[in-house]
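Down below is the structure, laid out as structure tokens.
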Amino acid sequence: MKTPKNVPEVKLSWEISADEIAAILAGSHSNPFAVLGVHQAGDAFVARCFIPGAEEATAMALDGGVIGELKQLHADGFFAGPVSLTKLQPVRYRARRGDAEWAVTDPYSFGPVLGPMDDYFARQGSHLRLFDKMGAHLIKHDGAQGIHFAVWAPNAQRVSVVGDFNNWDGRRHVMRFRSDSGIWEIFAPDVPIGVAYKFEIRGQDGVLLPLKADPFARRSELRPKTASITAADLEQEWEDEAHLKHWRETDKRRQPISIYEVHAASWRRRDDGTMLSWDELASSLIPYCADMGFTHIEFLPITEHPYDPSWGYQTTGLYAPTARFGEPEGFARFVNGCHKVGIGVILDWVPAHFPTDEHGLGWFDGTALYEHEDPRKGFHPDWSTAIYNFGRTEVVSYLVNNALYWAEKFHLDGLRVDAVASMLYLDYSRKHGEWIPNEYGGNENLEAVRFLQDLNTRIYGNHSNVMTIAEESTSWPKVSQPVHEGGLGFGFKWNMGFMHDTLSYMSRDPIHRRHHHNELTFGLLYAYSENFVLPLSHDEVVHGKGSLIAKMPGDDWQKFANLRAYYAYMWGYPGKKLLFMGQEFAQWSEWSEAKSLDWNLLQYRMHEGMRRLVRDLNFTYRSKPALHERDCEGEGFEWLVADDHQNSVFAWLRKAPGQKPVAVITNFTPVYRENYTIRLPSAGRWREILNTDADIYGGSGKGNGGRVQAVDAGGDITCSITLPPLATIMLEPEN
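See the structure below:
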């Protein structure tokens, strides 16, 4: 055994009371950093450590030089003794038991990583890089490499990080409490990436809580396991500057946006029924979307969640891409692959509520920390979930930082914010007496309003290429108007009214549609009150609602014709487009998260025709400025036929400055109409650029032979056209 030189004589100064040793061994000491590690004793230094299972311990400098033999003060592995040092510095120990020998670097000999400014900004809610400070990060600190852990738990008596690296022993890595911010932190040297961990928290009452996953974890175990996993920073070599520059410099309201909504676990599966990895999805989903002409992919939540049938909407790990599809790097590669071919990626994001799984955020430190304590504000009756406390600065900061994290680290192009209406109204899904009015006696959740305004201000202020989209189902004003004008600041809002009214109309037998004409005309009264996305989403093809093709009336031919006409009607209607996967080829069955889409249907002419139509609609929409440049402005729309109830015919003109207009004409009856007169803005030949009754789409092949002639008859410019049955046609002037 190598003997340390010049170990000073220190009498009793390294000894501590039996009560303090007992507290360390029990994991109940209020401040183990005051006991363990290296401490100055007069002009000398002492080291104390707790190494369960060790019978002997030798103290060493990080370079391996021996600095002292420690005395065992308790048989459970508590050691102390003088060490040959000239200043406070990190140390490690050589521990022995019988023939076994192992090294332990002392976490209590390292100083803090966070600083006073971190505390200040965290407490103020203005720290916009919490994701670089909180959670678990591989760093080099005071000459050693390891993981820095940090977690917010202001009301806990004690917080420890436990994991594979310390045999899940909560006494080994008790964290340092930062009273100014309520954050606990510890630098754990020698801990590698890829190991599981959780936080062991003792509440105010001294009772240990169920082990908690890291709220800031960037990687998690695959369900049913629930631990967090230490992860390195992403090392993705991004190749998307041109893509990001385009969206930074353009007005998104005047760009073509056609979104393909995807549930990553069920778009396609392997032959054995298991889920594809991100790389496997990239090799098939990206080229499919590029070929189909979609501009964006919107994923149902891909953040970590324990329960598959929740579709990701009950997330327990907002910062971690779910382990179902592999490591986070795989998702980064997927996004990069999308951007290289000009496709944006939107994340369905859930800041409204969180599940009450014991490893999650619920009663995180033994108190209602992330949620409201009063269930009238903190419990969601529809989903049996907890509601975030939007009045708490740290909670708002946690959520805003999460949005910034996805934009910065994964280059996401947008966030679709789920369940905004449930956030805005204190009485959402609540009866009288089940909710608490705001300070003015109203039902508006003013704290949620401020959160959403802050969220959008931060997102657009830091990442102008990103768009935010609100799923908001009420008439709350100015959802997509700027914050400085009193709005919530979203870029877009889902047009739920369009979806409900048009699907109600389309589900009716054509003979009855004449009595419900206003279901389609009413929407134009408010079509420009917000920047709208027209959503045919997953919500419309589940829970007994049937698929879109199944909602259509008539025999099979009429069902397909109705849906084709409806799609072209929607693509010609003002607003950005969103279509859920499987509906582009008219899947018959309802969507199930447990299996792949019915891709075999594409071998049949009618289904392949529908897919081809959606593809052509996307490219027509993208290539004709009149169809997208004024999606959000009334000057881009003009009725041509609005009141033909008897024939269920609708027609309008889409316009953009300096561009050819496009006439959109729909016949929602199965009657073939010849010589139908329609007004047009200019005389001359108009080309038929799309006809949903074309043979290539599965239609009857009726139409106008590719063009019509508009005639100026004394100031009225009209043309006589053929309207195919249950069809939409689009016309543009040849010159």
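Each residue of the sequence shown is one higher than the one before, starting from 1094 at the first, in our numbering.
Even for Gly, the Cβ is constructed at its ideal location relative to N, Cα and C.
request  = Per DSSP, which residues does Phe1214 bridge with? Please list them.
outcome  = For the purposes of this step, residue 1214 is taken as the residue at position 121 of the sequence shown. DSSP, once it has assigned bridges, lists no residue as partnering Phe1214.
task = Please name the residue or residues paired with Trp1587 in a DSSP beta bridge.
result = As a working note, residue 1587 is residue 494 in the sequence shown. In the DSSP output, where bridge partners are listed per residue, Trp1587 has Val1626.
ask   = On the three-state DSSP scale, how would you describe Asn1760?
value = As a working mapping, residue 1760 is identified with position 667 in the sequence shown. In the three-state scheme derived from DSSP, where H, G and I count as helix and E and B as strand, Asn1760 is classed as strand.
request  = For Gly1777, write down the residues that DSSP places opposite it in a beta bridge.
outcome  = The residue given as residue 1777 occupies position 684 in the sequence shown. According to DSSP, Gly1777 bridges with Ala1803.
inquiry  = For the beta strand (DSSP E) containing Ala1820, name the first residue and the last one.
reply    = For the purposes of this step, residue 1820 is taken as residue 727 along the sequence shown, with counting starting at 1. Start and end: 1820-1826.
task = Let me know if Pro1175 comes out buried or exposed under the rule of 16 or more other beta-carbons within 10 Å of its beta-carbon.
result = Within the sequence shown, the letter at position 82 stands for residue 1175. The residue in question, Pro1175, is buried, as its Cβ has 16 or more Cβ neighbours within 10 Å.
task = Would you check if the region 1704-1720 and the region 1779-1786 touch, i.e. whether three or more CB-CB distances between them fall below 8 Å?
result = yes
When Gly1296, Leu1656, Leu1302, Val1288 are compared against Ser1313, the one with the closest alpha-carbon = In the sequence shown, the residue the question calls residue 1313 occupies position 220. For the residues Gly1296, Leu1656, Leu1302, Val1288, the minimum Cα distance to Ser1313 belongs to Val1288.
Limits of the alpha helix (DSSP H) - the one that Asp1737 falls within = As a working mapping, residue 1737 is identified with position 644 in the sequence shown. Element bounds for Asp1737: not the alpha helix (DSSP H) but the beta strand (DSSP E), 1730-1737.
key: Residue from His1122, Gly1507, Tyr1598 with nearest C-alpha to Ile1562   = By one-based count along the sequence shown, residue 1562 stands at place 469. Among His1122, Gly1507, Tyr1598, the Cα nearest to that of Ile1562 belongs to Gly1507.
message = Taking the alpha-carbon of Tyr1521 as reference, which of Ala1541, Glu1532, Tyr1290, Leu1505 has the nearest alpha-carbon?
response = Here residue 1521 is taken as the residue at index 428 of the sequence shown, counted from 1. Measuring from the Cα of Tyr1521, the nearest candidate turns out to be Ala1541.
inquiry  = I want to know whether the region 1717-1731 touches the region 1680-1688 - three or more CB-CB distances under 8 Å.
reply    = no
inquiry  = Less than 6 Å between C-beta atoms, sequence neighbours within five positions excluded: which residues of the same chain meet that for Thr1323?
reply    = Here residue 1323 refers to the residue found at position 230 when the sequence shown is read from its first residue. Excluding residues within five positions, the ones whose Cβ falls inside 6 Å are Ala1229, Ile1240, Ile1286, Val1288.
Close Cβ partners of Thr1762 (< 6 Å) along its chain, the five nearest in sequence each way excluded = For this step, residue 1762 is matched to residue 669 along the sequence shown. Within the same chain, Thr1762 has close Cβ partners Pro1603, Ser1741.
query = Mind checking whether Ala1756 and Ile1810 have CB atoms under 7 Å apart?
reply = Start at 1 with the first residue of the sequence shown, and residue 1756 comes out as number 663. Start at 1 with the first residue of the sequence shown, and residue 1810 comes out as number 717. Cβ distance not < 7 Å, so Ala1756 and Ile1810 don't count as in contact.
inquiry  = Tell me the rounded alpha-carbon separation between Val1510 and Gly1405.
reply    = Residue mapping note: residue 1510 aligns to position 417 of the sequence shown, counting from 1. Residue mapping note: residue 1405 aligns to position 312 of the sequence shown, counting from 1. Spanning the two alpha carbons is a distance of roughly 13 Å.
task = Can you give me the Cβ contacts of Asn1768 inside the same chain, cut-off strictly under 7 Å, excluding the 5 residues immediately before and after it?
result = Here the question's residue 1768 lines up with position 675 in the sequence shown. Taken in chain order, the residues that qualify are Ser1813.
ask   = Does the distance from the CB of Ala1357 to the CB of Ile1395 come in under 7 Å?
value = Taking the first residue of the sequence shown as position 1, residue 1357 is located at position 264. Taking the first residue of the sequence shown as position 1, residue 1395 is located at position 302. Taking 7 Å as the Cβ cut-off, Ala1357 and Ile1395 qualify as a contacting pair.
query = Can you give the Cα-Cα distance for Arg1216 and Pro1754, rounded to whole angstroms?
reply = By one-based count along the sequence shown, residue 1216 stands at place 123. By one-based count along the sequence shown, residue 1754 stands at place 661. If you take the alpha carbons of Arg1216 and Pro1754, they lie about 55 Å apart.
inquiry  = What would DSSP say about Leu1221, mapped onto helix, strand or coil?
reply    = By one-based count along the sequence shown, residue 1221 stands at place 128. Looking at Leu1221 - three-state DSSP - the assignment turns out to be coil, as it is neither helix nor strand.
query = Is DSSP giving Gly1239 helix, strand or coil here?
reply = Here residue 1239 refers to the residue found at position 146 when the sequence shown is read from its first residue. Gly1239 falls in the strand class under three-state DSSP.
query = Got a sec? Which residues, its chain only, sit under 8 Å from Leu1105 by beta carbon, not counting five neighbours each side?
reply = As a first step, residue 1105 is located in the sequence shown; it is residue number 12 there, counting from the start. Its pLDDT being 47, under 50, Leu1105 is placed unreliably by the model, and nothing is read from it.
request  = Leaving aside the five residues before and after His1122 along the sequence, list all residues of the same chain whose C-beta is less than 6 Å from its C-beta, in chain order.
outcome  = If you number the sequence shown from 1, residue 1122 lands on position 29. Cβ neighbours of His1122 beyond the five flanking positions: Ala1116.
inquiry  = Does Glu1108 come out as helix, strand or coil in the three-state DSSP assignment?
reply    = Locating residue 1108 in the sequence shown gives position 15, where the first residue counts as 1. The answer is coil: DSSP assigns Glu1108 none of H, G, I, E or B.
request  = Find out if the Cβ-Cβ distance for the pair Pro1530, Trp1587 is shorter than 7 Å.
outcome  = By 1-based counting over the sequence shown, the position of residue 1530 is 437. By 1-based counting over the sequence shown, the position of residue 1587 is 494. Cβ distance not < 7 Å, so Pro1530 and Trp1587 don't count as in contact.
Beta bridge counterpart(s) of Lys1670 as assigned by DSSP = Numbered from its first residue, the sequence shown carries residue 1670 at position 577. Looking at the DSSP assignment, Lys1670 forms a beta bridge with Ser1351, Leu1627.
message = Going by C-alpha to C-alpha distance, which of Gly1275, Pro1317, Gly1590 sits closest to Asp1401?
response = As a working mapping, residue 1401 is identified with position 308 in the sequence shown. It is Pro1317 whose Cα lies nearest to the Cα of Asp1401.
query = Does DSSP put Ser1573 in a helix, in a strand, or in coil?
reply = Position 480 of the sequence shown, counting from 1, holds the residue named residue 1573. Of the three classes helix, strand and coil, the one that applies to Ser1573 here is coil, per DSSP.
inquiry  = Just to confirm, is the Cβ distance from Phe1483 to Phe1583 under 7 Å?
reply    = In the sequence shown, counting from the first residue as 1, residue 1483 sits at position 390. In the sequence shown, counting from the first residue as 1, residue 1583 sits at position 490. Going by C-beta atoms, Phe1483 is not nearer than 7 Å to Phe1583.
message = If the criterion is Cβ atoms closer than 7 Å, does the pair Ile1379 and Gly1435 meet it?
response = For the purposes of this step, residue 1379 is taken as residue 286 along the sequence shown, with counting starting at 1. For the purposes of this step, residue 1435 is taken as residue 342 along the sequence shown, with counting starting at 1. Taking 7 Å as the cut-off, the beta carbon of Ile1379 is found no closer than this to the beta carbon of Gly1435.
key: 6 Å Cβ shell around Gln1739 - same chain, five flanking residues per side excluded   = As a first step, residue 1739 is located in the sequence shown; it is residue number 646 there, counting from the start. The residues are Arg1607.
message = Using only the alpha-carbon positions, how far apart do Phe1673 and Leu1690 sit?
response = In the sequence shown, residue 1673 corresponds to position 580, counting from 1. In the sequence shown, residue 1690 corresponds to position 597, counting from 1. Straight-line Cα distance between these residues: approximately 11 Å.
key: Span separating the alpha-carbon of Ala1803 from that of Met1823   = By one-based count along the sequence shown, residue 1803 stands at place 710. By one-based count along the sequence shown, residue 1823 stands at place 730. Using only the alpha carbons, I get a separation of about 14 Å.
inquiry  = Rounding to the nearest angstrom, what Cα-Cα distance links Ser1370 and Ser1321 in this structure?
reply    = For the purposes of this step, residue 1370 is taken as residue 277 along the sequence shown, with counting starting at 1. For the purposes of this step, residue 1321 is taken as residue 228 along the sequence shown, with counting starting at 1. Taking the straight line from one Cα to the other gives about 20 Å.
request  = Inspect the beta-carbon positions of Leu1411 and Trp1499 and report whether they are closer than 7 Å.
outcome  = On the sequence shown, position 318 is the one that residue 1411 refers to. On the sequence shown, position 406 is the one that residue 1499 refers to. Result no, Cβ atoms of Leu1411 and Trp1499 do not sit closer than 7 Å.
ask   = By Cβ distance, which residues of its chain are closer than 6 Å to Asp1273, with the 5 residues on each side in sequence left out?
value = Stepping through the sequence shown from its first residue, residue 1273 is reached at position 180. Cβ neighbours of Asp1273 beyond the five flanking positions: Asp1212.
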